[in-house]
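Residue numbers (the numbering used here): 1490 to 1908.
A virtual CB, placed ideally from N, CA and C, is assigned to each residue, including glycine.
None of the values given here were measured: they were computed from a predicted structure.
Notes follow once the structure below has been shown.
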C-alpha cells in the first residue's frame, strides 16, 4: 500500500497552493487530479491582493511573464443610474505594492499553479479519480483512488486535503454542506472571441478599460433578474456570464442559452460589445452558487477552496480566497507535522484564519443583492460615488484587502447605523 504524508484531492488553485506549501517543507505530497491539465474553468478575474499569494508560492515571475490581460479595476453599472461606479486600485496604491492584477485564462493559470506544486516536490497524478476518503473511526487515514476507469486502491496518509471544488467530496459525505437560501442564484456563462473594439472617433461606445493604457477592467451590469459580467481576456476574447435569481422567470426558464441571451439583450452596453462576436463554447450552468460548510476541518483532514465554501462571484473573490485557504491550510498542516498532532483541534487554526475574510465578503454580497432588489439609491454602492472615505474602503475590500477593513467600517464611512 502506498503511503504519503499529505494527499491532496484536486489540483485547482486551492489544492495546488496547499501542495506547494507542504511539499516545499519536505513533506511527501501526492496530488490526485481527475482532469488532464490544461482544462477550462470559469473564474478569470483576479484581485490585487493575490500578489501576496503569488510571492508566497513563488510564481510571481511566471505570472508576470505569461502576458495575461492586465486588470486595473472594476466598473459597476448600477440600476437607475446613468453613470457607472468605476473603482481602480491605482487610486490608492498605498494599500497594494502592485495596484493591478490579471484577467486570466484559467486553463493556463491553473496549469502554472499545478506545475509549481510539482516543482516544489509534490507528486502530481492527473487523470486519477478519488472514489472515497478512508476513515478509521472519525479520523481520515487516506483515500481510495486509481486512474480514471480503473479499479481504485487504498493510498494512506495522516493528512488528507479535500480540494475537490464544488463536488465537495467530504462535506457531502459528512453532511456538512449548507446552501445559502438568501443567495439562491443560478449562473449561465460562456466564452466569446472576436469581441468588438469600437472606434471612439465614430462615436461608438468604448470597451471596458479603454480609458486605461494597456489594461482592462471587469464590467458588472445590472440586468433583469440579476446581473451580468464581462471579463476581457487576451486576443479579443471575453468571458461573459449572468447570475440570476433562481426564482426569476422570463419565459425561458428551462433554456440556459435563452436565459443568457435574454439577459444580455437587456443591456445595451453588453449587447453592443458582443455584436459580431462568436460564442466559442457551449453554455455552462451552475445552480445554488453559494454554500458554506458547517466545518472546514476534522481529525486528519481539511477542506480548502470551493470544497469548503462557494461564494457568489459578484466581487471575483473566489480564486483569491481559494489560494489563500490553500496557503493557510498548508501552513497549518506543516505545524501539525512538527507536533505529530493531526487532530481537528490543532487544525482549527486554519478554519479560524480563513473564516474571517469569508465573513466580510459575504456581508458585502448581501448588500449588493439588497440594492438590486430594492433599487435603493441609499445603498453602499451608490453612496460610494459621493463619499470619498466609503469609496476608498469599498475599493480596498473589493481588491482583496479583507484584513484592512470590515463591513462595519463601510457602514461607518457611509454614516449608517450598525450593531
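DSSP three-state call for residue i: helix, strand or coil?
i            : result
residue 1773 : strand
residue 1589 : coil
residue 1746 : helix
residue 1499 : coil
residue 1662 : helix
residue 1530 : coil
residue 1696 : Because the pLDDT of residue 1696 is 49, which lies under 50, any placement of that residue in the model is unreliable, and the question is left without a value.
residue 1812 : helix
residue 1432 : Summary: the structure shown does not reach residue 1432, with the chain confined to residues 1490 through 1908, and so no result is reported for it.
residue 1913 : The requested residue 1913 does not occur in the structure, where the chain is confined to residues 1490 to 1908.
residue 1680 : strand
residue 1787 : strand
residue 1509 : helix
residue 1536 : coil
residue 1687 : For residue 1687, the predicted model reports a pLDDT of 42, less than 50, meaning its position is unreliable; a value from the coordinates is still stated below. Looking at residue 1687 - three-state DSSP - the assignment turns out to be coil, as it is neither helix nor strand.
residue 1893 : coil
residue 1581 : coil
residue 1605 : helix
residue 1805 : coil
residue 1504 : helix
residue 1639 : coil
residue 1627 : coil
residue 1905 : coil
residue 1819 : helix
So residue i is in the beta strand (DSSP E); what residue range does that whole segment cover?
i            : result
residue 1653 : Residue 1653 -> no beta strand (DSSP E), and no H or E assigned at all.
residue 1897 : Not the beta strand (DSSP E): residue 1897 falls in the alpha helix (DSSP H), residues 1896-1902.
residue 1517 : Residue 1517 -> no beta strand (DSSP E), and no H or E assigned at all.
residue 1790 : 1790-1792
residue 1576 : 1574-1577
Output needed for residue i: all residues of its chain with C-beta closer than 6 Å, excluding positions within five of it in sequence on either side, in chain order.
i            : result
residue 1666 : 1657, 1660, 1780, 1782
residue 1856 : 1869
residue 1552 : 1543
residue 1843 : 1814, 1817
residue 1775 : 1676
residue 1785 : 1792, 1797, 1840
residue 1513 : 1609
residue 1497 : 1504, 1507, 1508, 1520, 1650, 1652
Hey, quick one: how far does the alpha helix (DSSP H) through residue i stretch, first residue to last?
i            : result
residue 1850 : 1833-1863
residue 1719 : That residue, residue 1719, is in no alpha helix (DSSP H); its beta strand (DSSP E) goes 1715-1721.
residue 1877 : 1877-1887
residue 1544 : 1539-1546
residue 1869 : 1869-1872
Report the partner residues of residue i according to the DSSP bridge assignment.
i            : result
residue 1667 : 1781
residue 1644 : 1491, 1632
residue 1558 : 1592
residue 1765 : None, per the DSSP bridge assignment.
residue 1971 : Absent from the structure is residue 1971, since the part of the chain shown begins at 1490 and ends at 1908.
residue 1826 : According to DSSP, which records beta bridges pairwise, residue 1826 is partnered with nothing at all.
residue 1674 : 1734
residue 1798 : 1781
residue 1614 : 1521
residue 1727 : 1681, 1721
residue 1705 : 1560
Counting only the same chain and skipping the five closest in sequence on each side, list residues whose C-beta sits under 8 Å from that of residue i.
i            : result
residue 1824 : 1835, 1838
residue 1599 : 1500, 1501, 1502, 1505, 1526, 1527, 1528, 1530
residue 1861 : 1568, 1711, 1715, 1716
residue 1753 : 1712, 1717, 1729, 1731, 1759, 1760, 1763
residue 1556 : 1723
Please list, in chain order, all residues of the same chain as residue i whose beta carbon is under 7 Å from its beta carbon, the five residues on each side excluded.
i            : result
residue 1467 : In the structure as shown, the chain starts at 1490 and stops at 1908, and residue 1467 therefore has no counterpart that could be examined.
residue 1682 : 1725, 1726, 1766, 1767, 1769
residue 1872 : 1879, 1903
### Query
Is there contact here, the region 1532-1544 with the region 1882-1895, by at least three beta-carbon pairs under 8 Å?
yes
### Message
Check whether the region 1615-1623 and the region 1765-1772 touch, using three or more Cβ-Cβ pairs below 8 Å as the test.
### Response
no
### Query
So, do the region 1818-1835 and the region 1501-1513 have three or more beta carbon pairs nearer to each other than 8 Å?
yes
### Message
Under 8 Å: do the region 1640-1654 and the region 1490-1499 share three or more Cβ pairs, one atom per stretch?
### Response
yes
### Task
Would you check if there are 3 or more beta carbon pairs closer than 8 Å linking the region 1512-1525 to the region 1608-1619?
yes
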